[in-house]
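**Q** Would you mind keeping the following structure in view while I ask a few things?
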Amino acid sequence: MAVRCPHIDRPQADARGPTTTLEGVGTTDPRDHGQSPDPDATRGDPPPAVPPAGRRVNRRAVVFGGLAAAGLTAATAFAADELLTGGTVRHDAGHAAGMAGPRPSVPPRRTAPPASWTEAPLRSSRTPLFDLRELAPPAPPAAVALTIDDGPHPVYTPMMLDLLAENGVKATFSVIGSQVRTYPKLVARIAAGGHQISNHSQTHPSPFAAIGRDRIRREIIEAKERIENAAGYSPRFFRSPGGDWNRYIFELCRSEGMMPIAWNIDPRDWSRPGTPHIRRAMLAAKAGDVLLCHDGGGDRRQTIEALRTVLPALKKRGLTFVAL
Ligand SMILES: [Zn+2]
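Residues are numbered in our numbering as their position in the sequence shown, beginning at 1, plus a constant of 38.
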């Protein structure tokens, strides 16, 4: 049972559905899934673009502090081509490099940076976080959060960081542990730039909630340790690959001190729908929204080009980009 990653393919309107349910938020990022190192994934046989009926279930979800009930959806879609041609880690490489490597031994040297608007630890009234208005302490009234997933990537992460710096924007990077291991300096650069870093699993398997508790734990803990080694602090946020959640993932996030985060603006940039499409989708952002895009998983030039105009346009509208 799971909630899909935001990157899956559901109409964005769904993501803004009733706040009492998580149903519809899941729109997983196939690109996301394109990176899945799951050896069981059928490479030449892309999963369905919509959740299998049998997997789409409403269920009560455990909420931090027992605050909510949620209907969760699971599903996955692959971009198999990304798997083979994308600039980021390949499944095999991710597995070998990420899961089989020696365990990090360097303890975190410092704590994760506080959210850009408060020194107090963030809490959310729901699990996972879909909208900044669910946060306490509250985000600034005109705040939006840009989240950037599946890096670090040797080409697109530096381009993204340059673009963010040019626009004075702080963001939250959801990084994959195996990539972190390969490109630790990029993670250090992200951290040095004042951006937040979120755990996005070690090898990005999908559907994430279906891989079993032992592997879920390994994926989350390994990535946490990789990030600690590269960034010098423990991540305080977790974004499940494909937006695929279940009760155990929530429990693990809580025990590891991480807030589960989702999104509510999804331009589906992983599918390379064209720069105008990405731009239009992101320009629909309003105060409180959590925007999703990617710097890893394949060719992200469309994403970069779209953000080049979207970032200044949203700022001109009065919105403020915050790091979680
Ligand atoms: Zn992802």
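All C-beta atoms, glycine included, are put in the ideal place defined by N, C-alpha and C.
Quick one: is G232 buried, meaning 16 or more other Cβ sit within 10 Å of its Cβ, or exposed?
**A** Answer is exposed; the Cβ neighbour count stays below 16.
**Q** Cα-Cα, which of S278, E266, L202 is closest to F246?
**A** F246 has its Cα closest to that of S278, out of S278, E266, L202.
**Q** Could you check what DSSP says for N302 in three-state terms: helix, strand or coil?
**A** Here N302 sits in coil by DSSP.
**Q** In this structure, what does DSSP give as the bridge partners for Q234?
**A** T210, per the DSSP bridge assignment.
**Q** Which same chain residues end up closer than 8 Å to V360 when comparing Cβ atoms and leaving out the 5 residues on each side of it in sequence?
**A** Answer for V360: A153, S154, W155, L170, A177, P178, A181, V182, A183, K208, listed in chain order.
**Q** Run through DSSP, which three-state label would I186 get?
**A** In this structure, I186 counts as strand in the three-state DSSP scheme.
**Q** Confirm the yes/no value for this check: CB of D307, any heavy atom of ligand 1, distance under 7 Å.
**A** Answer for D307: no, Cβ out of range of ligand 1.
**Q** Out of M296, M297, W301, R264, which has the shortest C-alpha to C-alpha gap to G281?
**A** Among M296, M297, W301, R264, the Cα nearest to that of G281 is on W301.
**Q** In this structure, how does DSSP classify H332 when only helix, strand and coil are distinguished?
**A** The answer is strand: DSSP assigns H332 an E or B state.
**Q** Could you check whether the Cβ of P279 sits closer than 7 Å to any heavy atom belonging to ligand 1?
**A** Answer for P279: yes, Cβ within range of ligand 1.
**Q** Helix, strand or coil for L167? Go by DSSP, reduced to three states.
**A** Strand at L167.
**Q** Is I186 near ligand 2 - that is, is its Cβ less than 7 Å away from at least one heavy atom of it?
**A** With respect to ligand 2, the structure shown offers nothing to examine, as its ligands consist of ligand 1.
**Q** Out of S244, G334, T347, which has the shortest C-alpha to C-alpha gap to D188?
**A** Out of S244, G334, T347, G334 has the C-alpha closest to the C-alpha of D188.
**Q** Per the DSSP calculation, S162 is bridged to which residue(s)?
**A** Looking at the DSSP assignment, S162 forms a beta bridge with L173.
**Q** Below 8 Å on the Cβ atoms is my contact criterion, and I expect P273 with N237 to pass it. Report the Cβ-Cβ distance as a whole number of Å.
**A** Correct: roughly 4 Å between the Cβ atoms.
**Q** CB of D304 to nearest heavy atom of ligand 1: below 7 Å?
**A** No - ligand 1 has no heavy atom lying nearer than 7 Å to the Cβ of D304.
**Q** Starting from S293, trace the alpha helix (DSSP H) in both directions and tell me its first and last residue.
**A** 285 to 293 is the extent of the alpha helix (DSSP H) around S293.
**Q** Can you tell me whether A91 is helix, strand or coil according to DSSP?
**A** Confidence at A91 is low in this model, with a pLDDT of 35, below 50, so the placement of that residue should be treated as unreliable; the coordinate-derived value is given next. A91 falls in the helix class under three-state DSSP.
**Q** Take the Cβ of K354 as the centre, count every other Cβ of all protein chains shown within 10 Å, and call the residue buried at 16 or more, exposed below.
**A** With fewer than 16 Cβ atoms within 10 Å of its Cβ, K354 is classed as exposed.
**Q** Thinking just about the alpha-carbon of each residue, which of P175, L357, G215, L224 is nearest to the one in P243?
**A** Answer by Cα proximity: G215.
**Q** Just checking my contact of L290 with R255 at CB under 8 Å: how many whole Å lie between their CB atoms?
**A** About 6 Å; that satisfies the 8 Å criterion.
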